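Asks: Per this note's numbering, numbering through the sequence shown is continuous, rising by one, with the last residue being 224.
Just so you know, even glycine gets a beta-carbon here, dropped at the ideal spot from N, CA and C.
From a predicted model like this one, the values you see are computed outputs, not experimental measurements.
Handing you this structure, nothing more for now.
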Amino acid sequence: RAETLGLALSILYDIAPEKRQKQFSENNPITPYGPAIFFPQISDMPSYHNNALWPFVASYWTLAQAKAGNEDGVVEGIGSVFRPAALFATNKENFNLDNGDYFTELNSSNMLWSLSGNIALTTRILFGIHFEPDGLVISPFVPKALEGTRTLDNFHYRGATLNITVNGYGANVKSISLNGKALKPGELIAASKLKGVCDITVDMDSQPIPPMKLNRVPNLK
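If you want it as structure tokens, here you go:
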């Protein structure tokens, strides 16, 4: 059996060594509607934790896929969260893995953990905002399918207002600047430097991300 949230947290918090993290990334079963809470399903149980996609779990899993460097996993994970939010015009609690609908044993709209997971896919992956005790590290992971220029304006952080622009695609930052001053890619931007309006520009290296597998499977009971 497989359990998605536990695998995701073991990657995000380095509980598993790097080699195992990549094995988890490539081998956790991914159904047509996204990563299940657990797999396979229990045949005589209704859809709730069983036979369900929960956007907050799928978001943790997608963050873990970015950390593991799995480009296809990130695209698949983003799709599993964005699809139902767009289709049903809200952030539901969970979805039936048989058909992607929201008819499960118990459900709610406007779930904050579903919403925050959705937002995190943009802020923490595509804009690469990593919160540290003393500042920020900006390190986006942008799949080739999502290449281009995107801007996040009026992002409030410790009294500062950040305007962040990310150009290109890839797993590595080629250059980064703060208010026109070059910074070292991957370095901590101290909170003390982030005052007032801060314009941050990130250019990705636009190089192919090393391919990894994705374990796409039919939903099984």
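Entirely within the segment 36-99 and at least 4 residues each: give me those alpha helix (DSSP H) ranges in chain order.
Replies: 58-71, 74-91
Asks: Could you tell me if Thr154 is buried or exposed, where buried requires 16 or more neighbouring beta carbons within 10 angstroms of its beta carbon?
Replies: Flag for Thr154 reads exposed.
Asks: Can you name, in chain order, every residue of its own chain whose Cβ lies under 6 Å from the Cβ of Glu96, other than the five neighbours on each side?
Replies: Asn110, Ser111, Met114
Asks: Which value, in whole angstroms, describes the spacing of the CA atoms of Phe98 and Gln26?
Replies: 26 Å
Asks: Between which two residues does the alpha helix (DSSP H) holding Glu29 run?
Replies: 21-30
Asks: Using alpha carbons as the reference points, say which of Lys198, Gly72, Ala39, Thr125 lies closest to Asp101.
Replies: Ala39
Asks: Report the option in His52, Lys224, Gly131 whose CA atom is closest to the CA atom of Ser142.
Replies: When only C-alpha atoms are compared, the closest one is Gly131.
Asks: Name the two residues that bound the continuous beta strand (DSSP E) containing Ala227.
Replies: Lying before the first or after the last residue shown, residue 227 is absent from the chain, which here runs from 4 to 224.
Asks: Report the residue from Ala11, Thr152, Asn157 whose alpha carbon sits nearest the alpha carbon of Gly76.
Replies: Ala11
Asks: Between which two residues does the beta strand (DSSP E) holding Leu186 run?
Replies: Run containing Leu186: 184-186, per the beta strand (DSSP E) assignment.
Asks: Could you please give me the residues that DSSP links to Leu139 through a beta bridge?
Replies: Phe134, Ile192
Asks: Cβ atoms of Tyr36 and Gly103: under 7 Å apart, would you say?
Replies: yes
Asks: Across the segment 168-178 and the segment 190-197, are there enough close Cβ pairs to call them in contact, namely three or more that are closer than 8 Å?
Replies: no
Asks: Does the distance from the C-beta atom of Pro43 to that of Leu223 stay below 7 Å?
Replies: yes
Asks: Here's the rule I'm using: 16 or more other beta-carbon atoms within 10 Å means buried, otherwise exposed. How should Ala67 be labelled?
Replies: buried
Asks: Alpha carbon to alpha carbon, what distance is there between Leu129 and Gln210?
Replies: 16 Å
Asks: Between which two residues does the beta strand (DSSP E) harbouring Ser178 extend?
Replies: 176-181
Asks: Do Glu108 and Pro20 count as a contact pair if the criterion is CB distance below 7 Å?
Replies: no
Asks: By the 10 Å Cβ neighbour count, where 16 or more other Cβ atoms means buried, how is Arg4 classified, buried or exposed?
Replies: exposed
Asks: Select from Gly183, Ile122, Val220 the residue whose C-alpha is nearest the C-alpha of Ser62.
Replies: Ile122
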